[in-house]
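S.K.:
Protein chains: 2
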Amino acid sequence: MSRRSGVLEFAILGLLRESPMHGYELRKRLNTSLGVFRAFSYGSLYPCLKALVSQGWLAEEHSPEEPLAAAALAGRRAKIVYRLTAAGKEHFEELLTHSGPDAWEDEQFGVRFAFFSHTERDVRMRVLEGRRSRLEERLEKMRASLARTRERLDNYTLELQRHGMESVEREVRWLNELIEMERAGRGRAKGLHADQGRDNTDPTDTTY
Amino acid sequence: MSRRSGVLEFAILGLLRESPMHGYELRKRLNTSLGVFRAFSYGSLYPCLKALVSQGWLAEEHSPEEPLAAAALAGRRAKIVYRLTAAGKEHFEELLTHSGPDAWEDEQFGVRFAFFSHTERDVRMRVLEGRRSRLEERLEKMRASLARTRERLDNYTLELQRHGMESVEREVRWLNELIEMERAGRGRAKGLHADQGRDNTDPTDTTY
DNA sequence: TTCGTCATGTAATGGGTTACATGATTAC
DNA sequence: GTAATCATGTAACCCATTACATGACGAA
Numbered sequence: 001m002s003r004r005s006g007v008l009e010f011a012i013l014g015l016l017r018e019s020p021m022h023g024y025e026l027r028k029r030l031n032t033s034l035g036v037f038r039a040f041s042y043g044s045l046y047p048c049l050k051a052l053v054s055q056g057w058l059a060e061e062h063s064p065e066e067p068l069a070a071a072a073l074a075g076r077r078a079k080i081v082y083r084l085t086a087a088g089k090e091h092f093e094e095l096l097t098h099s100g101p102d103a104w105e106d107e108q109f110g111v112r113f114a115f116f117s118h119t120e121r122d123v124r125m126r127v128l129e130g131r132r133s134r135l136e137e138r139l140e141k142m143r144a145s146l147a148r149t150r151e152r153l154d155n156y157t158l159e160l161q162r163h164g165m166e167s168v169e170r171e172v173r174w175l176n177e178l179i180e181m182e183r184a185g186r187g188r189a190k191g192l193h194a195d196q197g198r199d200n201t202d203p204t205d206t207t208y
Numbered sequence: 001m002s003r004r005s006g007v008l009e010f011a012i013l014g015l016l017r018e019s020p021m022h023g024y025e026l027r028k029r030l031n032t033s034l035g036v037f038r039a040f041s042y043g044s045l046y047p048c049l050k051a052l053v054s055q056g057w058l059a060e061e062h063s064p065e066e067p068l069a070a071a072a073l074a075g076r077r078a079k080i081v082y083r084l085t086a087a088g089k090e091h092f093e094e095l096l097t098h099s100g101p102d103a104w105e106d107e108q109f110g111v112r113f114a115f116f117s118h119t120e121r122d123v124r125m126r127v128l129e130g131r132r133s134r135l136e137e138r139l140e141k142m143r144a145s146l147a148r149t150r151e152r153l154d155n156y157t158l159e160l161q162r163h164g165m166e167s168v169e170r171e172v173r174w175l176n177e178l179i180e181m182e183r184a185g186r187g188r189a190k191g192l193h194a195d196q197g198r199d200n201t202d203p204t205d206t207t208y
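Here the protein sequences come in this chain order: A and B. Taking the working numbering, the leading residue of the first sequence gets 1, the next gets one more, and so forth. Taking the working numbering, the leading residue of the second sequence gets 1, the next gets one more, and so forth.
#1: May I have the straight-line CA-CA distance separating A:L178 from A:A59, to the nearest angstrom?
#2: Do the segment 77–85 of chain A and the segment 112–129 of chain B make contact, defined as three or more Cβ pairs closer than 8 Å?
#3: What three-state label does DSSP hand B:H62 in the structure shown?
#4: Given a threshold of 16 other Cβ atoms within 10 Å of its Cβ, counted over all protein chains shown, does A:T97 qualify as buried or as exposed?
#5: Just verifying my parser: in three-state terms, what is the DSSP assignment at B:L84?
#6: Assign A:S214 to buried or exposed, taking buried as 16 or more other Cβ atoms, counted over all protein chains shown, within 10 Å of its Cβ.
#7: Would you grab the beta carbon distance between A:R38 and A:L30 for me? Rounded to a whole angstrom, and I think it's under 8 Å.
#8: Quick one: using the 10 Å Cβ neighbour count with 16 as the cut-off for buried, is B:S117 buried or exposed?
#9: Rounding to the nearest angstrom, what Cα-Cα distance links B:D106 and B:R134 in this structure?
#10: Nearest to A:L49 by alpha carbon, out of A:W104, A:V7, A:Q108, A:R173?
#11: For A:Y24, count neighbouring C-beta atoms within 10 Å of its own C-beta (all shown protein chains included) and say buried if the count is 16 or more, exposed if not.
#12: Less than 8 Å between the CB atoms is what I'm expecting for B:H91 and B:W57, so what's the real figure, rounded?
#13: Using a Cβ-Cβ distance cut-off of 9 Å, determine whether B:L96 contacts chain A.
#14: Given that a residue counts as buried once 16 or more other Cβ atoms are within 10 Å of its Cβ, and exposed if not, what is B:S41?
#15: At which residue ranges does the segment 107–158 of chain A contain complete beta strand (DSSP E) runs of 3 or more residues, listed in the order of the chain?
#16: Is the separation between the beta-carbon of A:L139 and that of A:M165 shorter than 9 Å?
#17: Give me, in chain order, the residues of the same chain whose beta-carbon lies closer than 6 Å to that of B:R112; leave out the 5 immediate sequence neighbours on both sides.
#18: So B:L13 contacts chain A; which residues on that side make the cut at Cβ distance below 7 Å?
#19: Is the Cβ-Cβ distance between A:L175 and A:R132 less than 9 Å?
#20: In chain B, which residues lie less than 9 Å from A:S5 when you measure between Cβ atoms?
#21: Count the other CB atoms within 10 Å of the CB of B:E9; is the residue buried (16 or more) or exposed (fewer)?
#22: Just to confirm before moving on: does the CB-CB distance between B:S167 and B:A114 stay below 9 Å?
#23: Comparing C-alpha positions only, which one of A:T149, A:L160, A:L52 sits nearest to A:G14?
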């Protein structure tokens with residue numbers, strides 16, 4: 001069995017590294033912390049959690065703070081809190097440092113970046129620069145294709161293309177700034193995660 | 001049977017509306033004309049083409065310009081040129097005007113826009129405004145969620161979020177300009193597709 | 001004559017959603 | 001008491017990719 005998504009797995013491990021959570025909350029975080037980049041449904045999440053548990057990377061805790069045994073006997077379905085095991089933590093650390101060449105592809109880059117505060121500086125640089133050259137390569141292809149086909153495209157298609165290219169160029173500039181800052185020493189992240197006052201009581205389902 | 005993708009189908013019909021093509025070339029166009037938005041593989045394309053044929057929307061033409069019968073007898077596999085049938089054209093026109101509420105979702109908007117020169121002005125306006133309000137709604141959610149969680153996010157996550165929001169804001173501004181232009185009468189598209197000098201002889205596989 | 005591109009196709013697999021089913025807890 | 005939200009889960013399906021298989025054509 002089953003369900004090894006890569007991004008999803010990575011994101012779950014990363015979020016749980018900060019603090020234990022149950023699935024429902026995990027999903028909300030998944031769809032906000034990771035920006036616009038990804039949105040997962042329960043149909044993906046829960047099976048993946050189970051898989052990670054059977055891998056030994058997560059452990060289930062059947063809500064010890066259960067409001068007492070009153071309901072416990074009647075097969076009452078409990079909140080399941082997931083927590084990263086030692087092995088899981090180790091595995092996540094592995095994934096963080098390894099970061100193969102698709103760490104800078106569209107699907108992965110977002111999640112990777114989201115956990116940069118847990119990532120070594122040199123790895124961060126590799127990923128940022130990898131991403132940048134990936135985008136520059138893409139830009140070149142776009143420019144070439146545009147030059148070849150410009151005159152046989154209608155204005156809307158042209159405008160679409162132009163806007164697309166500008167988006168990519170904009171991301172390149174963004175990466176340039178980030179790389180600059182990393183180089184300058186002040187990584188804009190103070191170091192590890194800011195762990196003050198996590199309360200966990202906010203409403204509203206946040207799927208953009 | 002099988003393979004009804006929505007976007008892919010739409011794009012194929014739209015591209016073939018301009019001129020007949022065989023699958024291979026169709027794919028290249030798919031991955032350039034539609035900008036960064038989509039990339040399809042043959043594994044999707046060919047089955048879809050077959051399906052569209054059996055729907056009666058496309059017709060196959062087994063390359064009449066075959067360099068003569070010399071090879072024709074030996075079961076030689078021919079280039080298959082696909083052409084839009086009358087029914088297909090009608091169906092595409094249908095799709096263009098109908099444009100339900102997911103015409104302005106991420107998956108569809110790109111293709112829709114790519115064929116705006118075949119689209120009535122009022123439909124164009126509906127789609128552009130629909131897209132814009134979709135994005136504004138998204139922005140609001142992002143802002144709200146950011147306000148709620150700002151202080152417990154590390155700087156990288158924050159930066160990711162910020163950049164994500166800016167991207168959306170940028171697209172909104174782009175839409176504003178487009179809507180403005182549509183209103184001003186000069187739709188930036190002269191009308192129909194520019195049909196001069198289609199030569200069809202360019203190299204290089206263009207998948208960004 | 002071999003290499004790169006053109007050209008068409010299929011089966012297996014992957015990664016995800018939708019829709020459904022269930023039930024607890026909170027707020028009105 | 002009832003509606004919304006919290007919470008967990010499964011099965012069926014969908015859309016697309018990957019890997020593979022096949023072969024023609026042109027240029028070096």
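Ideal Cβ positions, reconstructed from N, Cα and C, are used throughout, including at glycine. If you're wondering where the values come from, they're calculated on a predicted model, not measured in any experiment.
M.R.: Taking the structure as given:
#1: If you number the first sequence from 1, residue 178 of chain A lands on position 178. If you number the first sequence from 1, residue 59 of chain A lands on position 59. Their Cα atoms are separated by approximately 36 Å.
#2: no
#3: Along the second sequence, read from residue 1 onward, the residue named residue 62 of chain B stands at position 62. It is coil, neither helix nor strand.
#4: In the first sequence, residue 97 of chain A corresponds to position 97, counting from 1. By the neighbour-count rule (16 or more Cβ atoms within 10 Å), A:T97 is not buried but exposed.
#5: Within the second sequence, numbered from 1, the residue matching residue 84 of chain B stands at position 84. Reduced to three states, the DSSP call for B:L84 is strand.
#6: Given that chain A is displayed from residue 1 to residue 208, the structure contains no residue 214 of chain A and the question cannot be resolved.
#7: Sequence index remark: in the first sequence, residue 38 of chain A carries index 38 (1-based). Sequence index remark: in the first sequence, residue 30 of chain A carries index 30 (1-based). About 7 Å separates the two Cβ atoms, so the contact holds.
#8: If you number the second sequence from 1, residue 117 of chain B lands on position 117. By the neighbour-count rule (16 or more Cβ atoms within 10 Å), B:S117 is buried.
#9: Counted from its first residue, the second sequence places residue 106 of chain B at position 106. Counted from its first residue, the second sequence places residue 134 of chain B at position 134. Computed Cα separation, rounded: 10 Å.
#10: Translated into positions along the first sequence, residue 49 of chain A becomes position 49. Ranking the options by Cα distance to A:L49, first place goes to A:V7.
#11: For this step, residue 24 of chain A is matched to residue 24 along the first sequence. Burial call: exposed.
#12: In the second sequence, residue 91 of chain B corresponds to position 91, counting from 1. In the second sequence, residue 57 of chain B corresponds to position 57, counting from 1. So it is a contact: roughly 5 Å between Cβ atoms.
#13: Taking the second sequence and counting its residues from 1, one reaches residue 96 of chain B at position 96. B:L96 does not count as touching chain A.
#14: Position 41 of the second sequence, counted from the first residue, corresponds to residue 41 of chain B. B:S41 is exposed by the Cβ-count criterion.
#15: none
#16: Taking the first residue of the first sequence as 1, we reach residue 139 of chain A at position 139. Taking the first residue of the first sequence as 1, we reach residue 165 of chain A at position 165. A contact, by the Cβ cut-off of 9 Å.
#17: In the second sequence, residue 112 of chain B corresponds to position 112, counting from 1. Hits under 6 Å: A103, V127.
#18: Taking the second sequence and counting its residues from 1, one reaches residue 13 of chain B at position 13. Simply none; closest approach about 16 Å.
#19: Your numbering for residue 175 of chain A matches position 175 in the first sequence. Your numbering for residue 132 of chain A matches position 132 in the first sequence. It is a contact, given that the beta carbons lie within the stated cut-off.
#20: Along the first sequence, one-based indexing puts residue 5 of chain A at 5. The contacting residues do not exist; A:S5 stays about 19 Å from chain B at best.
#21: Here residue 9 of chain B refers to the residue found at position 9 of the second sequence. Answer is buried; the Cβ neighbour count reaches 16.
#22: Position 167 of the second sequence, counting from 1, holds the residue named residue 167 of chain B. Position 114 of the second sequence, counting from 1, holds the residue named residue 114 of chain B. Taking 9 Å as the Cβ cut-off, B:S167 and B:A114 do not qualify as a contacting pair.
#23: One-based indexing of the first sequence puts residue 14 of chain A at position 14. Taking only the C-alpha atoms, the option nearest A:G14 is A:L52.
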